Amino acid sequence: MALLATSTIAFKTINTQIRSRSFLPAQRHLPLSSSPPSSSFFRTVSVKAMELEQKNPMVIDENGVLKKGIAEFYDESSAIWEDIWGDHMHHGFYPPDSTVSLSDHRAAQIRMIEQALRFASIPLAGDERKWPKKIVDVGCGIGGSSRYLSEKFGATAIGITLSPVQAQRANALAAAQDLANKVSFQVADALDQPFPDGQFDLVWSMESGEHMPDKAKFVSELARVAAPGATIIIVTWCHRDLGPDEESLKPWEEKHLKKICDAFYLPAWCSTADYVRLLESLSLQDIKSEDWSPYVAPFWPAVIRSALSWKGLTSLLRSGLKTIKGALAMPLMIEGFKKDLIKFAIITCRKPE
Ligand code: SAH
């Protein structure tokens, strides 16, 4: 992945309401697995990554540079992720105190989709007239959500991603599942979507918002392409909400997020409350949000375990330093969640009729 780069990330003010910083995730996804590699392995790759970074410092200060980095990152890492984790490049949903198996990650990822639909009050069964018929999947990865939603609802879906490799793979998987007449994927920017206004009755963004350097523009594009009455679902990484007397995150929190940004090539983060304010400013209705951090807690440890497996390690070694650097940053995600700095948020709303 491309992401090795960033030593200096210039955080942009997203809008006047969003003061805090963060970055997000792309990378969240690196394979690791069971027998831990030696610490010298990590030391060696770490040193190599640093050396490379010093030779090729890249500043993430312009959307163009960021976009290129994200595209390259996913071009390089998607096949490994798919090989180890399958076609959903997002967290699983693990209900606490339940009887479901916490080791079935594929099921947990599907549960995430189902729970998001339920939270947004989209009927999962029954009244088919209320099912979405035309879906846009903003930041589609290799199209796992689009294919799942299309099959579930008999809907058409269009996915957009910055990564040409992902778009191609997503179309190939759709064809292999006989869904090519219903589902398609293309390279396009979520901040400048190639669709006319009011097209889609479900606007779906599963773990892509964290990549968006301009959250206000991102949300306004989601609202623009939504048809009257459409549901918008955003599932994304946020930082904690600020307290009433706080102007910004604490210095250690900024520092922590900056390290993750450096590893994952991410722009500024915002809080869930920031998203809600942005949706309110667009007069969207039925705005709801919830912190799902407790439901995703088993995810990162599982990804780290898979990355430490033989298959994970060999894949990592083949993948390049950007992916490796991302893998080395994964414990920072766990720590960020544990310290209540990082939040896994769902935010949903409806466009007025
Ligand atoms: N939603 C997918 C993939 C999540 S990974 C899933 O759940 O499986 C994040 C995705 O966001 C990647 O496909 C990446 O290319 C996409 N992305 C990031 N920034 C984007 C942008 N500005 N425009 C379009 N896609 C973007």
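In my numbering, the protein residues as written are 1124 to 1476.
Just so you know, even glycine gets a beta-carbon here, dropped at the ideal spot from N, CA and C.
Keep in mind the model is a prediction, meaning the values are calculated, not measured.
Identify the continuous alpha helix (DSSP H) that holds E1403 and give its terminal residues.
T1395 to S1404
(message) Quick check: the Cα distance between V1358 and Y1217, rounded to an integer number of angstroms?
(response) 15 Å
Could you check if D1315 belongs to the surroundings of ligand 1, using beta carbon to heavy atom distance under 6 Å?
no
Q.
As a quick exercise: from L1455, S1343 and C1384, pick the residue whose alpha carbon is nearest that of R1400.
A. S1343
Given that a residue counts as buried once 16 or more other Cβ atoms are within 10 Å of its Cβ, and exposed if not, what is W1433?
exposed
* On the premise that L1380 lies in contact with W1392, defined as a C-beta separation below 8 Å, what is that separation, rounded to the nearest angstrom? -> 6 Å
H1213 and E1333 closer than 7 Å at C-beta: no
With burial defined as no fewer than 16 other Cβ atoms inside 10 Å of the residue's Cβ, what is the status of P1255: buried or exposed? buried
Where does Q1316 land, buried or exposed, given buried means 16+ other C-beta within 10 angstroms? buried
Quick check: what's the CA-CA separation for S1412 versus I1245?
15 Å
### Neighbourhood of L1302 by C-beta, 8 Å cutoff - its chain only, sequence neighbours within 5 removed
R1270, S1273 and E1274
| field | Buried/exposed call for P1351, threshold 16 Cβ in 10 Å | value | exposed
query = Exposed or buried, which one is L1439 when buried takes at least 16 other CB atoms within 10 Å?
reply = buried
- Excluding the five sequence neighbours on either side, which residues of its own chain have a C-beta within less than 8 Å of the C-beta of D1414, listed in chain order? T1395, K1466, F1467 and A1468
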